[in-house]
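Colleague: Numbering (our numbering), first residue to last: 256 to 406. For each residue, glycine too, the CB sits at the ideal point set by N, CA and C. Bear in mind that the values here come from a model prediction, so they are computed numbers and not experimental data.
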């Protein structure tokens, strides 16, 4: 992966303009930043998937440790997270999709895409075991609003 894209993906996880809404127990957010020359084709790689998955898991370790410890007690070990990432092509877009879950504490999903020179992330998180569907429901509607593509 090009260093420029790697840096861009890391920065995108740290600071972006965020629009957040909560619907049906899912907290949705849309974040955008300049893609700085990265293209739609840049997202069509296993390297992009791996980098984003690892970055999201690291962030979730910090963000959800307190919730996990409230339910299961203090631990010095990393909380058990399961994750999966893949590239999804719809229309003219390559999306990197990342799912992360922590036992019965929370489930999250994020879809990254590039549109009009902007790196955009649509993400959703909810408490509990239930996965957030990507082909229907509030998350799917937010992706459709953002990219104009039905998953």
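Which residue from 357, 380, 344 puts its Cα closest to that of residue 369?
Modeller: Indexing the chain shown from 1 puts residue 369 at position 114. It is 344 whose Cα lies nearest to the Cα of residue 369.
Colleague: Excluding sequence positions up to five away, which residues of its chain have a Cβ less than 6 Å from the Cβ of residue 390?
Modeller: Residue numbering aside, residue 390 sits at position 135 when the chain shown is read from its first letter. 406, listed in sequence order.
Colleague: Only counting the same chain, and skipping five residues up and downstream in sequence, which positions put a Cβ closer than 6 Å to that of residue 379?
Modeller: In the chain shown, counting from the first residue as 1, residue 379 sits at position 124. Counting only Cβ-Cβ distances below 6 Å, and skipping sequence neighbours, we find 281, 283, 364, 387, 394.
Colleague: Does DSSP put residue 345 in a helix, in a strand, or in coil?
Modeller: To locate residue 345, count along the chain shown from 1; it is residue 90. Residue 345: strand per DSSP, three-state reduction.
Colleague: Hey, would you say residue 407 sits closer than 9 Å to residue 356, going by beta carbons?
Modeller: Coverage of the chain is limited to positions 256 through 406, which leaves residue 407 absent and any answer about it impossible.
Colleague: I'd like to check one pair, residue 334 with residue 348: are the Cβ atoms closer than 9 Å?
Modeller: Here residue 348 refers to the residue found at position 93 when the chain shown is read from its first residue. Here residue 334 refers to the residue found at position 79 when the chain shown is read from its first residue. In this structure, residue 334 does not lie closer than 9 Å to residue 348 by Cβ.
Colleague: For residue 300 and residue 310, what's the separation of their Cα atoms in angstroms?
Modeller: Counting from one through the chain shown, the residue named residue 300 turns up at place 45. Counting from one through the chain shown, the residue named residue 310 turns up at place 55. Roughly 16 Å separates the two Cα atoms.
Colleague: Near residue 319, what residues of its chain come up, given a Cβ to Cβ distance below 7 Å and the 5 sequence neighbours on each side ignored?
Modeller: Residue mapping note: residue 319 aligns to position 64 of the chain shown, counting from 1. Answer for residue 319: 334, 357, 360, 361, listed in chain order.
Colleague: Under the three-state reduction of DSSP, which class applies to residue 331: helix, strand or coil?
Modeller: Against the chain shown, residue 331 aligns to sequence position 76. It is coil, neither helix nor strand.
Colleague: Which of helix, strand or coil does DSSP assign to residue 360?
Modeller: As a working note, residue 360 is residue 105 in the chain shown. Correct three-state label for residue 360: coil.
Colleague: What do you get for residue 308, buried or exposed, if any count of 16 or more other CB atoms within 10 angstroms of its CB means buried?
Modeller: Residue 308 sits at position 53 when you count from the first residue of the chain shown. Answer is buried; the Cβ neighbour count reaches 16.
Colleague: With the cut-off set at 9 Å, would you say residue 294 and residue 376 are in Cβ contact?
Modeller: Position 39 of the chain shown, counted from the first residue, corresponds to residue 294. Position 121 of the chain shown, counted from the first residue, corresponds to residue 376. No. Outside cutoff.
Colleague: Going by CA-CA distance only, name the one from 367, 382, 312, 403 that's closest to residue 326.
Modeller: Against the chain shown, residue 326 aligns to sequence position 71. The shortest C-alpha separation from residue 326 is found at 382.
Colleague: With respect to the beta strand (DSSP E) encompassing residue 286, which residues constitute its N-terminal and C-terminal limits?
Modeller: To locate residue 286, count along the chain shown from 1; it is residue 31. Run containing residue 286: 281-289, per the beta strand (DSSP E) assignment.
Colleague: For residue 415, which option in 321, 352, 288 has the closest C-alpha, if you only look at C-alpha atoms?
Modeller: Because the chain spans 256 through 406 in this model, residue 415 falls outside it and cannot be assessed.
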